[in-house]
Amino acid sequence: MASEPSRPGAQSGTFETQQSLSLLDVLCANQFEGKSFPPELLRETEESFYRGAPPKWLNFHISEQGGSGGARTPFIARDGYAALVEKIRHARSKLQGTSTVKLLHQPGCGGTTLAMKVLWDLRRAFRCAVLTGSTSDAAKVAEEVVALFTAGSRRGNNTVLLLVNDETLLENLKDGVRARIAQGPISTYVPVLILLNCVRKDDVRQGDHVVLQKALSAEEKLKFDAKKRELYEMYGERCHRFHGFNILQTNFSPAYVEAACSVFKPTKRADRPRKTQLAAFLSLLNAYVPGSFLPEWQCRDFFQRDADRRRGDFSLEDRMEPFSHLLVVFQRDERADGKVRMAHPLIARRCTELMAESGVTRSDTAINLLTRLCKDQSPPHVVVGFVKGMLTKRGLKPRRRNKTPGPANAADTQEDEERYARLILDIQRMESRRQSASVLKAASNLFDGDPFLPQALARFYYTELKDYNLAELWAERAKLRDPRNSFVADTLGQVHKNRLKNTAGSLGPLAVLQLASRAIEAFKDEEKLAENERGEDMRGDGDTRVSQHFNIRGQFGYLQLCNDVFHLLVEQEDTWREVLTKKVALDAALESLGDERLIRFKGLIDSLRGEIERKCAFFNKYLTYSKPKLKDDPDYISAGSSECYENFVGSYPPEDLKRTGAVLIQRLKKKKVYTSAAVLSCLESECRESDLKEITTWWEEIFRQKESINYIVSLVVRTNADAAFPSDRKRLSELKQKMPEILNDSPELHMLTLLLCWPADGEARCALDLGQLVRRMKRSFEVAYEMHLRSRRLRPLFFVGNGKGLDRMVHRKVLENLLLEQSQETKQDPWSGERMFHDPEVQARLVKVEGVVREYRLFATIGGAVVELEANNQDSLWKPRRVSFYLGFTIRGPVAFAVQTDKKAEENSRMKKTDVTGESESVLRHVTGPGGKDALR
């Protein structure tokens, strides 16, 4: 049936939603209008919902029709409704092409129902849909979103409001939509996409999102009480089976849940009938995997293994008595297969507890579930995915970083992963560690192609049971199942490292080095695998996903291991300090160490210092140039690498280092400022002015002997630290001339060249080709860092500010300190939402640059040259217009921050009847040349 997509007032065009969009459940503006339904279908749909089935669009239609005549109370919208609608409307009013509104809700408190209610009520104002299909192909989902956005007439484009449950998809979906819009030709004079992200979480905290908890307000309680009276008038005693509704109406009463689940109390461990086993399976799944279910056909097959093998001649509800009132059977639509689940998560949890109290433990049920329902793994087998997720998906535990009073926010609260899946932790806590291991072992043997289950089992053996032999065995098996996965390979290195750390008290140097060599071999193998991986090649299984980030665990594990080796050996004999730092060669110290057999590890020991220097340099760049998108890097990475560097590198120069400048180089290494990234990080670590002066002096001496950009970096850092060095500033013109002569293609050199040569106000032209320099820097970044920093947010290192010479280069830390001086009590991340640039003092410190936006691309005319720039917030490029912004530099190149419509330029443009689109096209031709816009893609 051709249905009209939701759009504001447009009369033309229809849209074949069923045929065109396979991944989206589209809610049309005229949904159900002019249709009539059999009364029994309406009654069945409503009854199923109140019993605990997920809502359907028809539920909202039924309520709307009944309420229009005043005979029925309206559909209950929980207290977060108004806030959610307001956030969605506000998101649409902002100048962003895609945005996210987040609803965090505890399982079973009506979060999904609330989100669907919002979509239903906004269906005429937005193009509303729910993401229901496979999410593995973000580009395909983006294609369908854009198709929905452009449905109907060309001028009838309207914002898509898309309900998404998986928060890990958000950035990929946004990127996909932006990429599709950039391909053109699509008019984007209204925002393209608002993601309504509905996330289940047991622990929800207040923030910028809407929160729904298992607690009713007084007003909500009155609404539910009124609805209860109405339902009793309609359904009578059948209302006792409306557990989904009744649990909310009783304000999530434990007494109500206890009474409803009382049929489980007489359960015995032995001779359990199939209906009891099936109820136990459903309870366990629903208690630990939100949104899980069993296919109705599989429940029927489970019963048909009994003596009665006749098909289709029994009612599942009758067969499941006396548990049937606790179950719901539902379908997404009339063509879909039936699904079975418990009526409410609280019922599932309490039934699981009651079974355990009767002797049917969680581990018993889990192993029985594996044996009875998971042997047939031929696809599609949704239960296998649920079970794997139940055993391997680790939940999040919040931790407070800041103990000062005040509201929690992203800077205060970090969420760490639990060590194991919640079911495994509960079995460990309520039964025993051995039982947890037995469940993981049974699953690992059953799913013999899955690498993540034996990986979890190996971790459990070495962390909880301290059985390193079995841990090594299962870690090796995990590697065999996915030999190219570096994250799986990491477990073997961790086994050896933990074995050394926890058993080394009784080990001599020879045994310590033997264990260390095995761990080092494993970590080096992991590092090689990580270097060969790309984000798009990583694979996941069910709800267990491998990170798309570059894997740093092997390199950091190596440094942790070396720290352990250093302390273990030096505690036994102080001579090891000089051997490990290469002040003294191993063969010269054998007599003092008292064991000639140690010579076999000479190659290993000789390699440690160089490997540690290389890995610490990597982490210096990794942490200085980038950060995770949603949180901070854990402090232990910086602390661990710094400690290892100090142990092996900072104390002594190598015994064989006698070349020119060796003393200076060792001084710089001792200060941990031997790389550009390390020098840049001085402001982050709040180096003293005297230290900065020394560092600059040492680098200047090296600069005179050979070309080094680190001297220039140190000058810039000293300037930003307010250190006085007038004689150095006179060399700025000399540095500008010398920069192109430095034989170095590093991103650092390109960044400094751009910073030094960037035209100041009043300079008409630049001596260098800025566009070419920007492109070279980007290519250099792709070679040097793109693989390692993928999926991370690049930090702005410098901004173009007011002033002359080096004073124009404003370090990020200087801007942060400006805000800190003004409001010590503010704990919010100043870079989140580009809040930094709202501050008048920050604005006064920086220079505004003008540009033009066209097809999700930003261009600026700088020093007589047209330069294409990246934008920190890509969503600020959705609308063609003249803009102004602040210019910062990441290690990839110049980036526009706080892109805003240049109202004055736009007004002048309208007065002169200048077409922004036409100007953008000429800019595009100027930048890309005869190849057109595709030349840059």
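Just so you know, we're using the numbering used here here: the sequence shown kicks off at 1 and counts up by one. Virtual Cβ for every residue (Gly too), placed ideally from N, Cα, C. It should be emphasised that the depicted structure is a prediction, and the values quoted were computed from it without experimental measurement.
Inter-residue Cα distance where the pair is residue i and residue j
i      : j      : result
PHE264 : PHE293 : 20 Å
ARG123 : PHE32  : 12 Å
LEU212 : PRO55  : 17 Å
ARG962 : ALA182 : Here the chain covers residues 1 to 937 and nothing more, so residue 962 does not appear.
ARG229 : ALA77  : 17 Å
GLU786 : LEU630 : 19 Å
SER780 : VAL852 : 26 Å
ILE599 : ASP606 : 11 Å
ALA29  : ARG127 : 8 Å
GLY70  : VAL328 : No answer about GLY70 holds up, because its pLDDT of 46 lies below 50 and its placement is not dependable.
LYS339 : TYR420 : 28 Å
ASP587 : ARG795 : 46 Å
ARG274 : PHE303 : 7 Å
ARG72  : ALA53  : 21 Å
LEU369 : LEU492 : 30 Å
GLY771 : LEU820 : 36 Å
LEU470 : GLN555 : 24 Å
ARG597 : SER517 : 15 Å
Member of the options whose CA lies at the smallest distance from the CA of residue i
i      : options                           : result
CYS944 : CYS374, TYR189 and LEU162         : The structure shown has nothing for residue 944, since the chain only spans 1 to 937.
ILE891 : ARG349, VAL783 and PRO840         : VAL783
ARG272 : VAL360, SER36, LYS214 and ALA215  : VAL360
ALA522 : GLY864, LYS479, VAL146 and LEU818 : LYS479
GLU321 : ASP121, ALA279, LEU373 and TYR886 : ALA279
ASN817 : ASP807, LEU604, GLY803 and MET836 : MET836
ALA844 : PHE889, PRO483, GLY801 and GLU46  : GLY801
GLN298 : GLU834, ARG372 and THR352         : ARG372
GLU531 : PRO509, PHE487, ASP564 and ALA125 : PHE487
ALA47  : VAL847, PHE330, VAL584 and LYS221 : Looking at the sequence provided, one finds Glu at residue 47 rather than Ala. Nearest of VAL847, PHE330, VAL584 and LYS221 to GLU47, Cα basis: PHE330.
ASP208 : GLN572, SER358, GLY833 and ILE520 : GLY833
PRO747 : ARG812, GLY97 and PHE889          : PHE889
LYS813 : GLY505, HIS838, SER791 and VAL842 : VAL842
SER791 : PHE550, LYS227 and GLY610         : PHE550
GLY505 : ASP467, LEU569, ALA442 and GLY805 : LEU569
PRO451 : MET430, TRP474, ARG429 and TYR81  : TRP474
ALA343 : GLN96, GLY291 and LEU23           : GLY291
GLY389 : ALA366, LYS903 and PRO74          : ALA366
Three-state secondary structure assigned by DSSP to residue i
i      : result
PHE949 : Any answer about residue 949 is impossible in this case: the structure gives the chain only from 1 up to 937.
LYS441 : helix
PRO894 : strand
GLN560 : helix
THR753 : helix
THR98  : strand
ALA142 : helix
LEU593 : helix
LYS56  : coil
SER292 : coil
SER315 : coil
ASN197 : strand
HIS105 : strand
PHE224 : helix
GLY951 : Lying before the first or after the last residue shown, residue 951 is absent from the chain, which here runs from 1 to 937.
ASP448 : coil
Cβ shell of residue i (< 6 Å), same chain only, five flanking positions each side left out
i      : result
ALA871 : LEU858, LEU877, ALA896 and VAL899
ILE424 : SER436
LYS602 : LEU586
ARG553 : ASP490
TYR232 : CYS239
7 Å Cβ shell around residue i - same chain, five flanking residues per side excluded
i      : result
VAL145 : VAL160, LEU162, VAL177 and LEU193
THR100 : LEU170, LEU195 and ASN197
ARG433 : GLU464 and LEU465
ASP902 : GLU850, ARG882, VAL883 and SER884
Neighbourhood of residue i by C-beta, 8 Å cutoff - its chain only, sequence neighbours within 5 removed
i      : result
TYR625 : ALA677, TYR785, LEU789, LEU794, ARG795, LEU797, THR890 and ILE891
GLY557 : ASP490, GLY493, GLN494, LYS497, ALA519, PHE523 and GLU526
Subject >> Any 3 or more C-beta pairs closer than 8 Å across the stretch 114-131 and the stretch 235-243 >> reply: no
**OP:** Examine the Cβ distances between the stretch 79-94 and the stretch 280-292 and report whether three or more of them are shorter than 8 Å.
**Re:** no
Original post:
Using 8 Å as the threshold, is the stretch 752-760 in touch with the stretch 507-522, meaning 3 or more CB pairs across them?
Top reply: Contact fails: fewer than three Cβ-Cβ distances are below 8 Å.
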